[in-house]
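Worksheet: one structure, shown below.
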Amino acid sequence: MTKKVYSILFVLLLLGFMVGAGMLQHTGSDEAAALLSSDQDLIVWYTDEALEGYFTNAALAYREETGITVKPVQVSGLEYLEHIHDVEVTDATEGTNIAPDLYVATNDVLEKAYLSGLAVEVTDPTAVLNDTFFRPAALSAVTYQGKRLGYPLYFETSVFLCNRTYVRDMAEKTIEAEKNIAEGEAAQELADQAETAEEFEALVSDNSMVSENAVDESVILAKEEEVMPKTISEILTFADGYDAPENVEGVFKWDVSDIFYNYFIVGDSISVGGENGDDAGIMNVYNDNSVACLTLYQELNQFFSIDTKAVTYDSVLEEFMEGKTVFTVATTDAIRKLEAAKQDGTFPYEYSVATLPNVSDTLSSRPLSVTNVCVVNGFGDQQDKANDFASFLLQHQDASFYDTTGKIAARGDLTYENPAVLAALTEYGRSIPMPKLMSTSDFWAKLEIAFTKVWTGSDVNEVLTELNNSMQP
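Taking the working numbering, I'd label the letters of the sequence shown as residues 679 to 1151.
This is the structure we're talking about:
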């Protein structure tokens, strides 16, 4: 996931953008004016090939409804904004028409896009950007300095993945153990009352002390909920009392080398850029709560020895799918992989997605999220059409978007048959969007290094002090 995070942090200097922006005025020849006439194609750029079918179908539906032709174009995600800048220059100097009117980008590049002129405040013609359609994280993701710079399309965040087969097994064993204890205590009470064996047998018969073989399903479900860890400490408690099957090699394992899967530990205790990730004056990483969170994180290494140099997200997910672990931290893509594995029989278990455990009873957790948004090109001459098509996409988005693309829509009002998808959507709703600040582009690398140092035994206070000082202007 780090690779995903880093791949969206571009290195082009803002000055270069601003200089190049001066070249992008579509004025001049009659030929250029003709190419930019109102009946030309509306061009939409995207980078993920999984969106191809979705955009193709949406373009057809939009043309049927409006008569406007939309041309979706898949391009490389490498140096994405720079590529848009380059084709804008080409359009202006050679009279071509290849630059996008609308493009899909991750929310963390919105400051760079806006300051370079490649993004403008959206008009939201059908008023879809509201808390009826979207949860707070989605609206925060597209907000910059009080302006909405895009339309949330889909997201990725981290979730708590559980092998429900194992959790249910533990719940049933717990019920059986509690039942045996209760029956034993009741028998002892009757034995204390009886003076002879015959009298004891009579008391047992009168009190109907006959074990039921079947346990009501609602009782099992309630016990599952009870034994499911809600905090990191409860994971340790679960591990202590778990009679693991032979196949299980560990109770909890996750990619401790990747900040995306670690971030939930400090997500509610630190702030980078504020709630919208756009305030350069907010950089709060060293405080009592962050120290407490990382101290507990360090203690986890005593229970779950995970080599930061050997572990990867793919290896962790593979071990979970092989039934070697009970819990892990995964991204939303894992849901589709697990469903496919269940279909072909390579994952013979039930699973569930739950809220990431809090650090403790007093320290909350909060995951990081990345939202892919539709951005209107600030240099495009069809901004009204671009806004209208983006609004059309959101208004007509439904649960089939997930079936088509494997991505979970950022819209918070959709329902899904798979409860795991709904759980991921709930987790997204309370997540922290990736900050948009260009000045924090190296923060994630530094925070990841800090987590690695803490995991391997470095002093928490010293690590956070060093991190805090490195981020000061």
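Beta carbons: idealized from backbone N, C-alpha and C, even for Gly.
Taking the straight line between their C-alpha atoms, what separation do you get for VAL934 and THR725? 28 angstroms
So LEU759 and LEU788 are supposed to be a Cβ contact under 8 angstroms. How far apart are they, rounded? 10 angstroms between Cβ atoms; not a contact.
So ILE943 packs on SER1043, CB below 8 angstroms; how close in whole Å? 7 angstroms
Runs of 4 residues minimum, wholly inside the segment 984 to 1038: which ones carry the alpha helix (DSSP H) assignment? Correct list: 991 to 999, 1011 to 1022.
So PHE1005 packs on CYS840, CB below 8 angstroms; how close in whole Å? 6 angstroms
From what residue to what residue does the alpha helix (DSSP H) around ASN1055 run? ASN1055 -> no alpha helix (DSSP H), and no H or E assigned at all.
Cβ-Cβ distance between PRO1111 and ASN785 below 7 angstroms: yes
Cβ-heavy atom distance between PRO830 and the ligand ADP below 6 angstroms? Because no ligand of any kind appears in the structure shown, any question about the ligand ADP cannot be addressed here.
Just checking my contact of ALA739 with THR1083 at CB under 8 angstroms: how many whole Å lie between their CB atoms? That belief does not hold up - the Cβ atoms of ALA739 and THR1083 are roughly 16 angstroms apart, past 8 angstroms.
For TYR1080 and GLU1095, the rounded distance between their alpha carbons: Cα to Cα, GLU1095 sits roughly 11 angstroms from TYR1080.
Is any beta-carbon of chain C found at less than 7 angstroms from that of VAL1031? Absent from the structure is chain C; it holds one protein chain and no more.
Is there contact here, the segment 1098 to 1110 with the segment 808 to 826, by at least three beta-carbon pairs under 8 angstroms? yes
Which runs of the alpha helix (DSSP H) fall wholly inside the segment 791 to 820 and span at least 4 residues, in chain order? 814 to 819
So which of THR1118, SER1119, ASN1146 has the shortest CA-CA distance to ALA1128? ASN1146
For LEU974, the three-state DSSP class (helix, strand or coil): helix
Just how far apart, CA to CA, sit ILE1086 and ASN1036? 24 angstroms
When the Cα of VAL782 is compared with those of THR1118, ASP957, VAL1053, which residue comes out closest? VAL1053
Contact the segment 842 to 858 vs the segment 894 to 904: 3+ CB pairs below 8 angstroms: yes
How should VAL751 be labelled, buried or exposed, when 16 other C-beta atoms within 10 angstroms of its C-beta is the threshold for buried? By the 10 Å Cβ count, VAL751 comes out exposed.
When you compare the CB positions of THR1118 and PHE833, do they come within less than 7 angstroms of one another, or not? no
Measuring only the C-alpha atoms, how far is VAL1141 from MET961? Taking the CA atoms as reference points, VAL1141 sits about 16 angstroms from MET961.
Exposed or buried, which one is PRO923 when buried takes at least 16 other CB atoms within 10 Å? By the neighbour-count criterion, in which 16 or more other beta carbons inside 10 Å mark a residue as buried, PRO923 falls on the exposed side.
Can you grab the Cα-Cα spacing for the pair LEU831 / ASP918, in whole Å? 42 angstroms
In or out: ASN858 buried (at least 16 other Cβ within 10 Å) or exposed? If you draw a 10 Å sphere on the C-beta of ASN858, you find fewer than 16 other C-beta atoms in it, and that means exposed.
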